[in-house]
Amino acid sequence: MALGSSEASTGGTAVSGAAPATDGAADAILSSVGTATYEWAVPSDRLSWSPNAAALFGVEDLARFGTGRAYAQLLAAESPSGRYEAVVNSPHVDRGDGVAYEIEYAVSPRPDIIHWIEDTGRWFASSDGRPLRAHGAVRIITDRYETRRRLIEASEIDPLTGQLSRHRFCEVLEEALDDAHKVRGSIGFIVAAVDNLAHVNDAYGFDIADAIIAAIGRRIRTRMRGGDLLGRLSGNKFGLLMRNCQPEDMAVAADRILAVVRDDVFMTGAGPIAVSVTMGGVIAPRHASSLAAMMGRAQEALDGVKARRRGAFQAYVPNLERDRQRRENLRVTDEIVAALNDRRVGLAFQPIVSAGADRRVSSYECLLRIRRSDGSLLPASTIVPLAEKLGLVRLIDARVLELAIAELAGSPALSLSINVSPATTMDHAWIRALEAQLRANPGAAGRLTVEITETSAIADVDETRRFVAKVQGLGCRVAIDDFGAGYTSFRNLRRLGVDCVKIDGPFVENYHRSEDDRHFVRTLLGLAQHMGLSTVAEWVPTEEVARELAALGCDYLQGDHTGAALEDRPWLAAANPVALRA
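Just add 78 to wherever you are in the sequence shown, counting from 1, and you've got the numbering used here.
If you want it as structure tokens, here you go:
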């Protein structure tokens with residue numbers, strides 16, 4: 079746009095009231111792209127517009143747009159600050175080439191019209207540094223603004239329930255916690271989980287489950303205090319923020335919510351359905367000084383009450399022993415990860431011997447050894463359960479597999495067995511790693527036995543059967559370890575299709591002291607022989623027990639009596655072992 083006043087060319091302090099000069103072609107271009115231009119002489123407040131501005135704003139003339147003050151009075155109530163603040167109150171300094179600005183605001187030229195405006199321009203200062211003139215362009219962006227507003231609203235509101243989304247709820251929760259810190263106040267945070275939602279999905283379908291979730295959100299809102307907020311945290315969980323809340327207030331609110339959900343059925347397209355919620359809560363900042371702590375401790379309280387009974391509420395209460403155990407978990411986690419990174423995970427080898435008189439070594443079981451940085455051992459009996467709980471056991475199992483295959487590759491006559499955790503039996507990555515390492519070491523497959531625990535096997539028999547079939551398909555054998563600890567039915571034992579059964583150690587250790595244990599061992603050995611399965615008795619305590627087991631048909635023995643676990647490679651000093659055979 080050509081500036082049409084002497085001020086524009088000479089830097090004077092007055093501007094002409096005439097519109098800035100534009101030719102017809104330029105005006106047509108501006109109109110076609112929905113843009114009008116302006117020049118604002120700040121000292122005189124004169125505001126001059128391009129000829130197409132009236133049509134752009136949807137007014138017959140621009141009389142009400144003739145000064146900066148008059149234009150500012152057209153700002154809509156929902157509008158943020160306008161051009162005056164961007165120019166006159168600008169914190170920036172004109173260094174000689176002007177100061178750019180880009181703002182958005184809403185104007186209402188008529189009661190029935192609100193236009194959202196994008197205003198882009200540059201202002202220039204006089205010799206005293208104050209704004210002298212500004213020129214720029216305006217575009218109506220109402221459609222774009224509404225689209226953006228809907229997107230923002232969608233990110234803040236959960237579309238299913240109409241409650242706050244997790245992201246927005248967490249923002250508000252953190253703001254409330256900050257305020258509570260500042261004024262030494264107290265807020266309550268409750269996590270409410272819909273019970274047995276998976277069963278509703280299976281029985282009635284996801285659409286019915288979604289309808290119930292939305293209805294629960296509405297019911298909870300009817301029992302909330304003014305000022306409290308509700309958000310959806312995940313598929314079956316709601317979060318409730320209670321301001322100015324003490325423990326007794328949270329307990330009373332929880333009782334109201336439990337009752338309103340439980341005491342009346344939900345009418346759905348599939349008929350009436352009864353549902354309950356279970357809740358855990360925490361008072362902050364008394365028991366949680368951060369958003370992460372609030373989330374974690376409310377969930378901890380929820381998990382605690384769910385373990386005892388559904389449809390109830392529990393508030394978080396500090397527990398010194400639990401906190402100590404948590405710190406210990408973190409410490410051990412760091413030690414496990416460091417040991418994996420520093421290659422301080424190794425193996426000890428316990429012989430599995432034939433039950434005959436020669437007690438010939440048939441194989442070795444690989445037992446986990448993890449060393450601290452000072453060389454001392456971490457106790458595997460506590461490390462493995464903790465690693466399973468913390469999700470680290472797959473890393474350990476992968477390292478054990480790597481070490482065992484390396485031993486097999488280095489000793490062509492050696493046979494080994496390795497243990498895998500329940501998580502690993504569901505891990506397709508471990509199977510792929512096994513396949514890759516056996517492909518690189520083709521002679522190792524027939525000399526490797528993979529042991530799975532009975533308790534993991536019966537957790538999901540069909541899934542375990544698939545794992546067994548995959549391992550056997552690669553040429554390895556599979557043994558079920560600790561048999562008897564989970565009381566697997568013999569029907570399931572047949573379904574699993576394993577090659578070998580290892581009798582749980584306590585039954586063998588107590589063989590002479592317990593008639594029940596003797597009966598179990600005898601029964602199992604007889605059945606294994608009938609099914610064509612080889613058997614290993616673990617924890618063999620004495621020579622007398624070893625002989626009786628051999629007489630009953632047990633194939634192999636394992637325990638300190640027949641050979642302790644050693645980190646040195648026992649087979650290097652012994653006769654070449656032969657593979658364990660059925």
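By construction, the Cβ of each residue, glycine as well, lies at the ideal position given by its N, Cα and C atoms.
Start and end residues, alpha helix (DSSP H) containing residue i
{"i": "Thr460", "result": "458-468"}
{"i": "Leu275", "result": "275-282"}
{"i": "Gln392", "result": "Element bounds for Gln392: not the alpha helix (DSSP H) but the beta strand (DSSP E), 391-393."}
{"i": "Pro584", "result": "583-587"}
{"i": "Ala133", "result": "131-135"}
{"i": "Arg310", "result": "Careful: Arg310 lies outside any alpha helix (DSSP H), inside the beta strand (DSSP E) at 307-312."}
{"i": "Gly146", "result": "146-150"}
{"i": "Glu485", "result": "471-488"}
{"i": "Thr502", "result": "500-503"}
{"i": "Arg388", "result": "Neither: Arg388 is in no alpha helix (DSSP H) and is coded neither H nor E."}
{"i": "Met302", "result": "Taken as a continuous stretch (DSSP letters only), Met302 belongs to no alpha helix (DSSP H), as it is neither H nor E."}
Check whether residue i and residue j have beta carbons under 9 Å apart
{"i": "Ala482", "j": "Leu494", "result": "yes"}
{"i": "Phe545", "j": "Ile496", "result": "no"}
{"i": "Gly349", "j": "Tyr394", "result": "no"}
{"i": "Ala523", "j": "Cys554", "result": "yes"}
{"i": "Phe267", "j": "Ile294", "result": "no"}
{"i": "Ala628", "j": "Ala433", "result": "yes"}
{"i": "Val272", "j": "Ala376", "result": "no"}
{"i": "Leu445", "j": "Ala458", "result": "yes"}
{"i": "Ile286", "j": "Gly347", "result": "yes"}
{"i": "Asn407", "j": "Leu468", "result": "yes"}
{"i": "Tyr183", "j": "Pro209", "result": "no"}
{"i": "Glu645", "j": "Arg447", "result": "yes"}
{"i": "Val586", "j": "Glu616", "result": "yes"}
{"i": "Ile191", "j": "Gly136", "result": "yes"}
{"i": "Glu234", "j": "Arg226", "result": "no"}
Neighbourhood of residue i by C-beta distance below 6 Å, restricted to the same chain and skipping five residues each side
{"i": "Ala193", "result": "The residue you asked about is not Ala; residue 193 is His in the sequence shown. The answer, listed in chain order, is Val185, Ile218, Thr220."}
{"i": "Ala624", "result": "Val618, Leu635"}
{"i": "Asp560", "result": "Thr531, Glu532, Asp582"}
{"i": "Ile335", "result": "Ile298, Arg301"}
{"i": "Ala606", "result": "Val579, Thr613"}
{"i": "Ala289", "result": "Thr346"}
{"i": "Lys384", "result": "Thr356"}
Residue i: first and last residue of the uninterrupted beta strand (DSSP E) it sits in
{"i": "Val614", "result": "612-615"}
{"i": "Asp560", "result": "555-561"}
{"i": "Arg124", "result": "124-127"}
{"i": "Pro520", "result": "No beta strand (DSSP E) holds Pro520; DSSP gives it neither H nor E."}
{"i": "Ala270", "result": "265-272"}
{"i": "Ser451", "result": "Taken as a continuous stretch (DSSP letters only), Ser451 belongs to no beta strand (DSSP E), as it is neither H nor E."}
{"i": "Thr620", "result": "It is not in any beta strand (DSSP E) - Thr620 carries neither H nor E in the DSSP assignment."}
{"i": "Ala184", "result": "177-188"}
{"i": "Val528", "result": "526-531"}
{"i": "Ala119", "result": "113-119"}
Beta-carbon contacts of residue i that lie in its chain and below 7 Å, excluding the five residues immediately before and after
{"i": "Asn654", "result": "In this prediction, Asn654 has a pLDDT of 47, which is less than 50 and means its spatial position is unreliable; nothing more can be read from the coordinates."}
{"i": "Glu252", "result": "Leu369"}
{"i": "Arg573", "result": "Val539, Arg543"}
{"i": "Ala254", "result": "Ile265, Leu319, Arg321"}
{"i": "Tyr352", "result": "It is worth fixing the name first, because residue 352 is Ala in this sequence and not Tyr. Same-chain partners within the cutoff: Val343."}
{"i": "Leu134", "result": "Gly112, Ala114, Ile218"}
{"i": "Ser489", "result": "Trp649"}
8 Å CB neighbourhood of residue i in its chain, flanking five on each side removed
{"i": "Val35", "result": "Nothing about residue 35 can be reported from this structure: the residues present for the chain run from 79 to 660 only."}
{"i": "Leu238", "result": "Asp288, Ile291, Ala292, Arg310"}
Of the residues the options, the one placed nearest residue i, counting alpha carbons only
{"i": "Val338", "options": "Arg321, Met302, Ala178", "result": "Met302"}
{"i": "Pro665", "options": "Leu445, Glu622, Asn419, Ser204", "result": "Here the chain covers residues 79 to 660 and nothing more, so residue 665 does not appear."}
{"i": "Leu425", "options": "Ala484, Pro500, Gly389", "result": "Ala484"}
{"i": "Leu242", "options": "Leu308, Asn279, Asp256, Ala131", "result": "Leu308"}
{"i": "Glu117", "options": "Ile265, Thr145, Asp139", "result": "Thr145"}
{"i": "Pro500", "options": "Ile536, Leu486, Ile361, Ser440", "result": "Ile536"}
{"i": "Val166", "options": "Ile361, Ala150, Ala141", "result": "Ala150"}
{"i": "Arg142", "options": "Pro463, Arg124, Pro158", "result": "Arg124"}
{"i": "Asp206", "options": "Ala518, Arg296, Leu380, Gly174", "result": "Gly174"}
{"i": "Arg387", "options": "Asp412, Ile461, Val355, Pro158", "result": "Val355"}
{"i": "Arg477", "options": "Arg402, Leu418, Thr601", "result": "Leu418"}
{"i": "Tyr442", "options": "Ala164, Asp638, Pro584", "result": "Asp638"}
{"i": "Val423", "options": "Arg161, Val462, Ala385", "result": "Val462"}
{"i": "Met328", "options": "Thr640, Asp280, Asn274, Gln392", "result": "Gln392"}
{"i": "Leu552", "options": "Leu516, Arg569, Cys248", "result": "Leu516"}
{"i": "Pro325", "options": "Ala362, Asp341, Gly305", "result": "Ala362"}
Quick one: which unbroken alpha helix (DSSP H) runs of 4-plus residues sit fully inside the stretch 190-261? Chain order, please.
Runs found: 220-234, 244-261.
Could I get the ranges of all uninterrupted beta strand (DSSP E) runs contained in the stretch 320-380, with 3 residues as the minimum, in chain order?
Scanning the stretch 320-380 for uninterrupted beta strand (DSSP E) segments of 3 residues or longer gives 344-346, 349-351, 355-362, listed from N- to C-terminal end.
3 or more residues per run - each beta strand (DSSP E) lying fully within the stretch 390-427
Runs of the beta strand (DSSP E) lying entirely within the stretch 390-427, each at least 3 residues long, are 391-393 in chain order.
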